[in-house]
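Under my numbering, the first residue of the sequence shown carries the number -7, and numbering increases by one thereafter.
Just so you know, even glycine gets a beta-carbon here, dropped at the ideal spot from N, CA and C.
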Amino acid sequence: MEALITLLPGDGIGPEVTAAAHRVLKEVATRFEHNFEFDVQLIGGSAIDATGEPLPEDTVASCERSDAVFLGAVGGPKWSDPNAAVRPEQGLLNLRSVLGVYANLRPVKVIDELISASPLKPEILDGVDMIVVRELTGGIYFGEKIREATFATDVCRYQTDEIERIVRMAARLAEGRRGKLCSVDKANVLETSRLWRDVTSRLLRDEFPRIEVETLLVDAAAMHLLKRPRDFDVIVTENMFGDILTDEASMLVGSLGMLPSASLGDSRRGLYEPIHGSAPDIAGQGIANPCGAIASAALLLRHSLGLNAEANAIEAAITSALAGGARTADIAETGLGHASTTEMVDRIVSALREVE
Ligand code: IPM
Ligand code: MN
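Here you go:
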């Protein structure tokens, strides 16, 4: 098939992990005889440096022309002055909004080979397999922001239709899995959460009567994620809670560098990014874990291009490279050597060539 993919390397380790995903996508194109065209564009701090804006018009135009968008990471100390007029993160938030990708799917699946990389006990991790569905274009991220000399405000706003569409998407996912959906809110304190809970329980009762529903307050959810992670199938929650809970959940898999994400809306075009940030402390050292980025490329093939066999092949190649002992520093056992980003990608690419 023919496809146009926009690549947005961004900042920090973003370019390193984007190069990794790019290499794997080129390998898939060769092996499965597809014709992928790539268009590299600016976003975030590097876009601010080059154009003054975190999301230049050319970038938006390229994303809107393409079948799918891959993003590395944005942000870094160079652009994080509290008084800065423009910030790298605005580029990413505006892009999510412009593309209408309101549902951010973050799969958290423990890989047996990495159980010892997690700080949690192995018996808690066995069989953990969940997807967190994070609302991505509403809530406190997008409400009015005010900053004065002695106070600041961030408005958290949700409306019924925003809650309905994300909960519907999560419930459909649950139907195709173990049929369990956990909705996370803070309904004992927040009005937006009380609306979230009302809308969610009504919609699930009316449209998905067979789904097994659980409701948790976010503080309790943070605890249950560590206490009984195996119980969760699909978790649906608002923007900021989803951001926080998925960094926590990454420790179940062993490293923030392992987790991919897919941001989807009502069209087929999606935005794919590893959930880790730009990790300025290790940028440019060639030691970043490329697995989250490469797994995000697999999600891109599956969700935006409908290439399931290709996506499965990438996922199998990651597992096989790990089974063969390939480890970047973040997941290596202490005292043992570790692979550079490029060596890790080499191992995944050669595993990809072997996958049936
Ligand atoms: C993420 C990141 C972003 C977010 C930042 C970079 C704006 O943390 O994708 O999880 O908070 O959504
Ligand atoms: Mn985050």
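- Selection Leu256, Glu265, Gly249, Ala308 evaluated against Thr333 yields Gly249 as nearest (Cα-Cα).
- Per the coordinates, the alpha-carbon of Gln277 lies some 24 Å from the alpha-carbon of Leu84.
- Within the chosen limit of 7 Å, the ligand IPM reaches the beta carbon of Asp235 through at least one heavy atom.
- Here the C-alpha atom of Ser312 lies approximately 30 Å from the C-alpha atom of Asp31.
- Membership of Gly2 in the beta strand (DSSP E) is indicated by the continuous run -6 to 2.
- Separation of Ile274 and Val159 (C-alpha to C-alpha, rounded to the nearest whole angstrom) is 37 Å.
- Secondary structure note for Thr142: it is in no beta strand (DSSP E), with a DSSP letter that is neither H nor E.
- In this structure, the C-beta of Gly269 approaches the ligand IPM to less than 7 Å from one of its heavy atoms.
- With respect to the 8 Å criterion, Phe233 and Val205 are not classified as neighbours on the basis of their beta carbons.
- In this chain, the beta strand (DSSP E) harbouring Asn27 covers 27 to 32.
- The stretch 221 to 239 makes contact with the stretch 121 to 141, as at least three CB pairs between them are under 8 Å.
- If you keep only unbroken beta strand (DSSP E) runs of at least 3 residues inside the stretch 252 to 339, you get 254 to 256, 262 to 264.
- Judged by the Cβ position, Asp239 qualifies as a neighbour of the ligand MN at the 7 Å threshold, a heavy atom of the ligand being closer than this.
- A straight-line Cα-Cα distance of about 43 Å links Tyr150 and Phe24.
- The beta-carbon distance between Trp188 and Asp198, rounded to whole angstroms, is 16 Å. This is too long to meet the 8 Å contact definition.
- When C-alpha distances from Ile306 are compared across Leu291, Met215, Val100, the shortest belongs to Leu291.
- Taking a contact to require three or more Cβ pairs closer than 8 Å, the stretch 283 to 290 and the stretch 250 to 261 qualify as touching.
- Exclusion of the five residues before and after Tyr264 leaves Phe62, Ala254, Ser288, Leu291, Leu292 as the residues of its chain whose Cβ lies within less than 6 Å of its Cβ.
- Between the ligand IPM and the CB of Val66, the shortest heavy atom gap is smaller than 7 Å.
- Lys101 sits in a strand when the DSSP states are folded into three classes.
- In this structure, Glu81 has its beta carbon less than 7 Å from a heavy atom of the ligand IPM.
- Inter-residue distance for Val337 and Leu17 is about 12 Å (C-alpha atoms, whole angstroms).
- Taking every protein chain shown into account, the CB of Ile155 has 16 or more other CB atoms within 10 angstroms, so this residue is buried.
- In chain order, Arg202, Ile203, Glu204, Asp225 place their CB closer than 8 Å to the CB of Gly171, counting only its own chain and leaving out the 5 sequence neighbours on each side.
- Residue environment for Thr152: exposed (fewer than 16 other C-beta atoms within 10 angstroms of its C-beta).
- For a cut-off of 8 Å, the C-beta gap from Val245 to Ala308 is around 17 Å, too long to register as a contact.
- By the Cβ test, the stretch 31 to 43 is in contact with the stretch -1 to 7, since at least three Cβ pairs between them sit closer than 8 Å.
- DSSP, reduced to helix, strand and coil, places Asp225 outside both helices and strands of the structure shown, so it counts as coil.
- Between the C-alpha atoms of Cys174 and Ala163 there is a straight-line separation of about 10 Å.
- By the 16-neighbour rule on beta-carbons within 10 angstroms, Gly298 is exposed.
- A direct Cα-to-Cα measurement between Phe200 and Gly119 gives close to 26 Å.
- Residues of the same chain with a CB within less than 7 Å of the CB of Glu302, apart from the 5 flanking positions on each side, are Val20, Phe24, Leu293 in chain order.
- Inter-segment contact for the stretch 43 to 51 and the stretch 311 to 326 is absent: fewer than three beta-carbon pairs are separated by less than 8 Å.
- Looking from the CA of Ile103, the closest CA among Glu325, Ser342, Ile138, Ala315 belongs to Ala315.
- Spanning the alpha carbons of Val93 and Leu87 requires a straight line of approximately 9 Å.
- Nearest Cα to Ala11 within the set Asp59, Ser58, Gly64: Gly64.
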